[in-house]
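Numbering that gives the first Met the number 0 puts the first residue of the sequence shown at 0, with every later residue one more than the last.
Here's the structure, in structure tokens; my notes come after.
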Amino acid sequence: MSDLIESPATTDDALDALVAEAEARLSAAPDVTTLENEKARFVGKGGVFTEMLKGLGRLDPEARRTEGARINAAKSRFEAFLKLARELLARQQLDVKLSAEAIDVTLPGRGLVGGGIHPVMRTWRRVEEIFRSIGFDVADGPEIETDWMSFTALNNPENHPARSMQDTFYVDIDDPEGRPLNLRPHTSPMQVRYARMHAERMRDETGASRGITDIKVIAPGRTYRIDSDATHSPMFHQVEGLWLGEDISFADLKGVYTAFLEAFFETAALSVRFRPSYFPFTEPSAEIDMRFETGPLAGRWLEISGSGQVHPSVVTNFGLDPEKHIGFAFGSGIERLAMLRYGVDDLRLFYEGDLRFLEQFQ
Ligand code: PHE
């Protein structure tokens, strides 16, 4: 290194011009990539300022110091401008993004969609309300029942067809005592459960009767049968009724049930008939039918309830004395009542979840 140069390699003007050119290029960069490429052109590995600083090695120490200071000052101005240019570009890009995602706060809201009560639940509540108003208690019980509760206690002979696989869903596992379990095919087991509970309350510590108090209850709930057509669904709802006392007769059944129907349908002009029938747990037994007055089924009769005077063997299974306790029971289809009230001709519509159908009841 013998021939060191004394004179400065650059002039102030040239440096100013260089910085001005750099600033112009940075200002013109439309995006981050272009901006960073421009940065590399000036201060990158082979950049203008980098090369100039490398060239300092050829100067003598004195010139190197002053020249180095001038180049570095110019480079600092460049870097300060670069910082500004980066910030400016970031802000511009944020503005573009924000205006693209702008929310028009003056638009009307989408509105809350109100929920509604299902027509079957509406009917269930209505039935409860009416029976409560005439002094009935409301009870609830298990949907998975023992064979004894669903059938035996209700006086069903071992070989009665009601037990068969044709209409009863059996559960694969038995209860802890090894008894077969089923999805209750009717709400009638609730007669037994409620009456047995009540019977216990009617006896004193010695087991003697405290005297007769009426059992007056309804038990609405889900029931299950292997059945599916316009008037049957594998899961459906029934409401059981039981009124047991000293002298509750079939005439009381007719009176109470007719009063219920008149309240339920809000009219006394109803076509109702009690048709002789058979149930193992009632004697005598009747089917209660009602006629559609309007709609596509006008003139057709629909069975809405089984009913009858509670059979003496069943009263015994309640833990009560059939000589002292007498009364009626009924088991009505809640969907059937809803069909008649709303003029629906196919019960399966209730379970299709079609909002066009369901919204009509709100
Ligand atoms: N449990 C009967 C059924 O589901 C109806 C019924 C209830 C009949 C009470 C008489 C008394 O068909």
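No residue lacks a Cβ here, since even glycine has one placed at the ideal position from N, Cα and C.
Predicted model only: the values in this text are computed from it and were never measured.
| Asked | Found |
| --- | --- |
| Going along the chain, which residues of its own chain have a beta-carbon closer than 6 Å to the beta-carbon of A198, five neighbours each way excluded? | F317, G318 and L319 |
| Apart from the five residues on each side of it in sequence, which residues of its chain come closer than 6 Å, Cβ to Cβ, to E22? | F80 |
| Determine the direct distance from the alpha carbon of R183 to that of T222, and round the result to whole angstroms. | 6 Å |
| With distances taken Cα to Cα, identify the nearest neighbour of T10 among E322, A72 and S270. | A72 |
| In the DSSP assignment, find the beta strand (DSSP E) that holds I325 and state where it starts and stops. | I325 to G332 |
| How about H185: is its Cβ closer than 7 Å to a heavy atom in the ligand PHE? | yes |
| Answer with buried or exposed for A19, where buried requires no fewer than 16 other C-beta atoms within 10 angstroms of its C-beta. | exposed |
| At which residues does the beta strand (DSSP E) containing Y169 begin and terminate? | F168 to V170 |
| Could you check the C-alpha separation between S248 and Q165 for me, to the nearest Å? | 34 Å |
| Hey, is the stretch 222-232 in contact with the stretch 339-355, meaning 3+ C-beta pairs nearer than 8 Å? | yes |
| Considering just the uninterrupted stretch of the beta strand (DSSP E) at G240, what are its terminal residues? | M234 to G244 |
| Cα separation between M0 and Q91? | Unreliable positioning characterises M0 in this predicted model, as indicated by a pLDDT of 41, which lies under 50. The coordinate reading is nonetheless provided below. When rounded, the distance between both Cα atoms is 51 Å. |
| Just grab the DSSP bridge partners of Y368 for me. | There is simply no residue 368 to check, as the chain begins at 0 and stops at 361 in what is shown. |
| Go through its chain and collect everything with a Cβ distance to S270's Cβ below 6 Å, but skip five positions before and after it. | R290 |
| In this structure, how does DSSP classify Q190 when only helix, strand and coil are distinguished? | helix |
| Closer than 7 Å: is that where the CB of F280 sits relative to any heavy atom of the ligand PHE? | yes |
| A218 and G305 - do their beta-carbons sit closer together than 8 Å? | no |
| Along the chain, where does the beta strand (DSSP E) containing V309 start, and where does it finish? | W300 to V309 |
| Per DSSP, which one or two residues make a beta bridge with T145? | L180 |
| Below 8 Å between beta carbons: does that hold for R162 and N154? | no |
| Look up P118 in the DSSP assignment and say whether it is helix, strand or coil. | helix |
| Should E142 be listed as close to the ligand PHE, given that the test is whether its C-beta is under 7 Å from any heavy atom? | no |
| If I follow the unbroken alpha helix (DSSP H) through M51, where does it start and stop? | V47 to K53 |
| Tell me where the alpha helix (DSSP H) around V18 begins and ends. | D11 to A27 |
| Please state whether DSSP places T281 in a helix, a strand or coil. | strand |
| Check M0 in the structure and name its three-state DSSP category. | Unreliable positioning characterises M0 in this predicted model, as indicated by a pLDDT of 41, which lies under 50. A coordinate reading is not provided. |
| Around the Cβ of D12, are there at least 16 other Cβ atoms within 10 angstroms (buried) or fewer (exposed)? | exposed |
| For the ligand PHE, I want to know if A138 counts as a neighbour, meaning its beta carbon is within less than 7 Å of at least one of the ligand's heavy atoms. | no |
| Determine whether the beta carbon atoms of E144 and L106 lie at a separation below 8 Å. | no |
| May I ask you to check if the CB of S163 is nearer than 7 Å to at least one heavy atom of the ligand PHE? | no |
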